[in-house]
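Peer 1: Okay, here's the structure, questions in a sec.
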Amino acid sequence: MPAAGTRTVTPLSIGGSIRNFDAWSTNRLQTLPISVLKDTVVGIDAGSYLKKIIDGPGTKEPLVPALGGFPFSLKSKIEDDLSQWQQAGITPLFVFSGIQPLRTDKASSMSETTAKNRATAWALYDGGHAAEAVEAFGDSGILQPQEIYRFLRKILIDNDVSFQVAPYASWAQLVYLEKHPKQFVDAIFGPAEVFFYDIEKVITGFNFSRASFSCLNKKAIMQDLGGLNHEQFIDACILSGFDFCNTFPIIDKQPANLFKTCLDFLKTWRSATGIVNQYSESPTIRDSGYLDKYRRAKLAIKHQPILTDDGKIEPFNLDEAPGDMHEFVGNRLPEEVYFYLSRGVIGSQVLDMLVTGELQELPPLDSGENETYKVFLESIQTLRAQCLCLLAQPLQHWWNNKKITITYWYDKVNPKPVAFKDLNPTLYEATSTWNAKEALFGPALASSPNKSLLAFSITYLGDKSLAIKTTTLKSTDNLLKSTNEVILNTLWRTMQIRGFIGPDHQLTPWGKVLNTALSSLDPADELEEACYLGIELLKAKLLRADPSTLSQYSGRDTDKRYCSLISRVASLGKLRHNSIGYTGPLSRTLLTFNSIIRLMSKNLENLTQMVLTSLLMNGDADRDDRKDWNQLGLEIPFAEDINAGLGIAVKTYLDELTNTDDPTSVETRLRVQNEELIPQMFVQSVDVMADVSMAFRLWDAIMAGVRTAPDNLIVDTVKFTEADAWLSQRRPITLTE
Numbered sequence: 213m214p215a216a217g218t219r220t221v222t223p224l225s226i227g228g229s230i231r232n233f234d235a236w237s238t239n240r241l242q243t244l245p246i247s248v249l250k251d252t253v254v255g256i257d258a259g260s261y262l263k264k265i266i267d268g269p270g271t272k273e274p275l276v277p278a279l280g281g282f283p284f285s286l287k288s289k290i291e292d293d294l295s296q297w298q299q300a301g302i303t304p305l306f307v308f309s310g311i312q313p314l315r316t317d318k319a320s321s322m323s324e325t326t327a328k329n330r331a332t333a334w335a336l337y338d339g340g341h342a343a344e345a346v347e348a349f350g351d352s353g354i355l356q357p358q359e360i361y362r363f364l365r366k367i368l369i370d371n372d373v374s375f376q377v378a379p380y381a382s383w384a385q386l387v388y389l390e391k392h393p394k395q396f397v398d399a400i401f402g403p404a405e406v407f408f409y410d411i412e413k414v415i416t417g418f419n420f421s422r423a424s425f426s427c428l429n430k431k432a433i434m435q436d437l438g439g440l441n442h443e444q445f446i447d448a449c450i451l452s453g454f455d456f457c458n459t460f461p462i463i464d465k466q467p468a469n470l471f472k473t474c475l476d477f478l479k480t481w482r483s484a485t486g487i488v489n490q491y492s493e494s495p496t497i498r499d500s501g502y503l504d505k506y507r508r509a510k511l512a513i514k515h516q517p518i519l520t521d522d523g524k525i526e527p528f529n530l531d532e533a534p535g536d537m538h539e540f541v542g543n544r545l546p547e548e549v550y551f552y553l554s555r556g557v558i559g560s561q562v563l564d565m566l567v568t569g570e571l572q573e574l575p576p577l578d579s580g581e582n583e584t585y586k587v588f589l590e591s592i593q594t595l596r597a598q599c600l601c602l603l604a605q606p607l608q609h610w611w612n613n614k615k616i617t618i619t620y621w622y623d624k625v626n627p628k629p630v631a632f633k634d635l636n637p638t639l640y641e642a643t644s645t646w647n648a649k650e651a652l653f654g655p656a657l658a659s660s661p662n663k664s665l666l667a668f669s670i671t672y673l674g675d676k677s678l679a680i681k682t683t684t685l686k687s688t689d690n691l692l693k694s695t696n697e698v699i700l701n702t703l704w705r706t707m708q709i710r711g712f713i714g715p716d717h718q719l720t721p722w723g724k725v726l727n728t729a730l731s732s733l734d735p736a737d738e739l740e741e742a743c744y745l746g747i748e749l750l751k752a753k754l755l756r757a758d759p760s761t762l763s764q765y766s767g768r769d770t771d772k773r774y775c776s777l778i779s780r781v782a783s784l785g786k787l788r789h790n791s792i793g794y795t796g797p798l799s800r801t802l803l804t805f806n807s808i809i810r811l812m813s814k815n816l817e818n819l820t821q822m823v824l825t826s827l828l829m830n831g832d833a834d835r836d837d838r839k840d841w842n843q844l845g846l847e848i849p850f851a852e853d854i855n856a857g858l859g860i861a862v863k864t865y866l867d868e869l870t871n872t873d874d875p876t877s878v879e880t881r882l883r884v885q886n887e888e889l890i891p892q893m894f895v896q897s898v899d900v901m902a903d904v905s906m907a908f909r910l911w912d913a914i915m916a917g918v919r920t921a922p923d924n925l926i927v928d929t930v931k932f933t934e935a936d937a938w939l940s941q942r943r944p945i946t947l948t949e
């Protein structure tokens, strides 16, 4: 496979989600020297910033849709930009979007298109047309900025860069920060949606190599509108289509000049209402309910809720706000929830579900053709119900009766209800005896300085005498205080909900399997999250060879089964790679499994965040004058998506061995692992064979857990044992052998 996503020096630019606006406004850009911004604070729309890195020329990595995970150059690109801003004397303040109350079918329609593009790309790849396949994969991107929010926040915290999360859309929040009497930001770097409000200029791009930046001037835009006013400009943006409203159906098939077409319509009919009424007899308009969607979007723009400097959530135009705002932004949550959201303690996905009452399940990267994935989707309902139960419990009783549905892309006409109000006792009540203090676990934690809190939370309970002492009731005069106390009690409650710990705080049979596996790891490998996720998937009966995909492996049927199982375990780990687009072989079957990993890890992340929210809102921790809100958010596992790279490397290594006459001999293994074979297939890998060896250490840890499991707990124990014996003769040769 040819190299993809090679990094080049390009201007850093930001585009909005208003369809076709960027193309229309390109020749209206103004370029200024970057020195103009010296000693200023620039508010940056995080979503738009990430979107341009994902899709921008010079930074886009076309094989991400074929591999999963995040772009390999993402972290270095962000850190480069932060460094460039610092050198220019600019202080960035990132603003993330929060809850998304208005839903369009934009994501659903895009996913259907990208699924078709990916199917075409895989056909090209299977047919040996590598260059064409890379281009086709590049046109089928599906990674959304929201998926990278936590990862970006971690980088910002590590680099001491400030951020905040808006309660809803980031645009109004950015304008509030600039318009505030204290002028928290001096300029805004963001999308065209910022012009919905009374703002003069918006920075659209930085060209660090030329020490310049580009911007759009609202006055210049208005002069080019042919006499249209500000309200009509907003109408043109809504009709074009953006995050709050679909494109006006009559012009949806005219993407080339879409925004100009909207302007021309408004010059004739003066308002969006007039345009919709003009086409009211069209079946496309009559059946779409477009006028209602337009009105909701217009009101949501004007009265978008913001977080004020004194911690209140209020409409952007407070004095003009109507009394029925819940009709277009959803019912209001307690201010405490918005606070946790604003500090990055929790994400917005579960909040979105509760506020909107729905979740759209889109096809995964492999297009969702594998039936195993669809079955897994049904089983994940329990996890989602647990998340909603934890969030709703401390809220007003009304929220516990909220109807929530999930719509699957393959069955859109039959939304599935999520029953979460019937959980009794509530998950909070069932786990409320976890209030262990650092005075108890501190000495053991101090003696394991390299062990993650996730691993410690389980291995600590391996000592039954210590586990018994963790059973404590909440004391209002001795609340959880330190970061370790809050996070560990959150993890213990989560592990009880997941069935690894019993109500008596003792490890269950599955907990003992997990304890053995985690205890077998070397902390230096940083495989704790991968190992925990592997045991979760083993428990869900998903960590197994997939018979329907064995044709993609080499050798006899037994070889294929063993390689399939081992490479799936390896897929839980991370392939170290240079900050450049991936170059190497692909595997659709491992991409399918990566989609399962991704969905499981995201929902486990959500569950842990909701356990933390429940713990805080029920007053189990000291919430006064805490300085560690950012750290609490960082300590939740699964901040970064893992791609299928390491699984592919292990599969390639084992397949290469299988294709030889003597796959177990020392000579064969040395030849396969030397510079002429595997390393050359993964030329941009840091050290592919070292990572393959690390993947086998992850296998060893999970095997250690499997061996200690009681009879009938794991249905595939024999298959794991056989695969382990098969692998023992095919491991890479080390210098000591």
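The letter at position 651 of the sequence shown is residue 863 when you use our numbering, and the numbering goes up by one with no holes.
C-beta: ideal position from N, C-alpha, C; glycine also.
Since we're looking at a predicted model, the values are computed, not measured.
As a quick exercise: from S763, D675 and Y409, pick the residue whose alpha carbon is nearest that of T720.
Peer 2: Ranking S763, D675 and Y409 by Cα distance to T720 puts D675 first.
Peer 1: What's the call for V414, buried or exposed, on a 16-neighbour Cβ count within 10 Å?
Peer 2: Buried, by the Cβ-count rule.
Peer 1: Output the distance between the C-alpha atoms of I265 and V725, rounded to the nearest integer angstrom.
Peer 2: Their backbone Cα atoms lie some 41 Å apart in a straight line.
Peer 1: Taking its Cβ as the centre, do 16 or more other Cβ atoms sit within 10 Å of H538, making it buried, or is it exposed?
Peer 2: The residue in question, H538, is exposed, as its Cβ has fewer than 16 Cβ neighbours within 10 Å.
Peer 1: State the start and end residues of the unbroken alpha helix (DSSP H) segment that holds T880.
Peer 2: Taken as a continuous stretch (DSSP letters only), the alpha helix (DSSP H) holding T880 covers V878 to Q885.
Peer 1: Exposed or buried, which one is H392 when buried takes at least 16 other CB atoms within 10 Å?
Peer 2: Exposed, since its Cβ has fewer than 16 Cβ neighbours within 10 Å.
Peer 1: If the criterion is Cβ atoms closer than 9 Å, does the pair F850 and S813 meet it?
Peer 2: The answer is yes: Cβ separation under 9 Å.
Peer 1: Can you round the beta-carbon distance between Y409 and G310 to whole angstroms, since I take them to be within the 8 Å contact cut?
Peer 2: Not quite, the Cβ-Cβ distance comes to about 17 Å (not below 8 Å), so this is no contact.
Peer 1: For the putative contact between V630 and A597, defined by C-beta atoms under 8 Å, what is the C-beta separation to the nearest angstrom?
Peer 2: Confirmed, Cβ separation roughly 5 Å.
Peer 1: With DSSP run on the structure shown, which of helix, strand or coil describes L685?
Peer 2: L685: coil per DSSP, three-state reduction.
Peer 1: Give the DSSP-derived three-state secondary structure of V823 in the structure shown.
Peer 2: Correct three-state label for V823: helix.
Peer 1: Is the segment 634-647 touching the segment 700-718 in the sense that three or more CB pairs, one from each, lie closer than 8 Å?
Peer 2: Contact between the segment 700-718 and the segment 634-647 is present, because at least three Cβ pairs lie under 8 Å.
Peer 1: When you compare only the Cα positions, how much space is there between P933 and M915?
Peer 2: The amino acid occupying residue 933 in the given sequence is Thr; Pro does not appear at that position. So the two alpha carbons sit approximately 8 Å from each other.
Peer 1: Does A658 come within less than 9 Å of chain B when only Cβ atoms are used?
Peer 2: Here chain B cannot be found, since the structure has a single protein chain.
Peer 1: Might you give, ordered along the chain, the residues of its own chain that have their beta carbon closer than 6 Å to the beta carbon of I367, omitting 5 neighbours on each side?
Peer 2: Counting only Cβ-Cβ distances below 6 Å, and skipping sequence neighbours, we find I290.
Peer 1: Contact defined as beta carbons within less than 8 Å: I believe S424 pairs with L244. What is the distance between those atoms, to the nearest angstrom?
Peer 2: Right, their Cβ atoms sit about 6 Å apart.
Peer 1: Look up C599 in the DSSP assignment and give the residues it is bridged to.
Peer 2: C599 is not bridged to any residue.
Peer 1: Can you give me the Cβ contacts of I446 inside the same chain, cut-off strictly under 8 Å, excluding the 5 residues immediately before and after it?
Peer 2: Answer for I446: F408, K510 and I513, listed in chain order.
Peer 1: Is the Cβ-Cβ distance between T617 and G580 less than 9 Å?
Peer 2: No, Cβ-Cβ distance for T617 and G580 is not below 9 Å.
Peer 1: Is S426 helix, strand or coil by DSSP?
Peer 2: Looking at S426 - three-state DSSP - the assignment turns out to be strand.
Peer 1: Contact check, W911 vs V781 under 8 Å by CB: the rounded distance?
Peer 2: About 5 Å separates the two Cβ atoms, so the contact holds.
Peer 1: Helix, strand or coil for V567, going by three-state DSSP, please let me know.
Peer 2: Looking at V567 - three-state DSSP - the assignment turns out to be helix.
Peer 1: Suppose you measure from the CA of S660 to the CA of L673; what does that come to, to the nearest Å?
Peer 2: Whole-angstrom Cα-Cα distance: 14 Å.
Peer 1: Taking Cβ to Cβ, would you say S783 is nearer than 9 Å to I809?
Peer 2: Their beta carbons are under 9 Å apart, which means S783 touches I809 by this criterion.
Peer 1: Could you name each continuous beta strand (DSSP E) segment of 3 residues or more that falls completely within the segment 487-551, going from the start of the chain to the end?
Peer 2: Correct list: 517-519 and 525-527.
Peer 1: Relative to the C-alpha of P627, which residue among L828, Q572, K649 and S591 is closest?
Peer 2: Of the listed residues, the one whose Cα sits closest to P627 is Q572.
Peer 1: Who does G193 pair with in a DSSP beta bridge?
Peer 2: Residue 193 lies beyond the stretch modelled for the chain, which goes from 213 to 949, so this question has no answer here.
Peer 1: Could you tell me which of S591, T485, D455 and S382 sits nearest to T520, measuring between CA atoms?
Peer 2: Residue S382 is the option with its Cα nearest to T520.
Peer 1: Please report how far the alpha carbon of E868 lies from the alpha carbon of V884, in whole angstroms.
Peer 2: The alpha-carbon atoms of E868 and V884 are separated by roughly 7 Å.
Peer 1: Would you decide whether L249 is buried or exposed? Buried here means 16 or more other CB atoms lie within 10 Å of its CB.
Peer 2: Classification of L249: buried, given that the 10 Å Cβ count is 16 or more.
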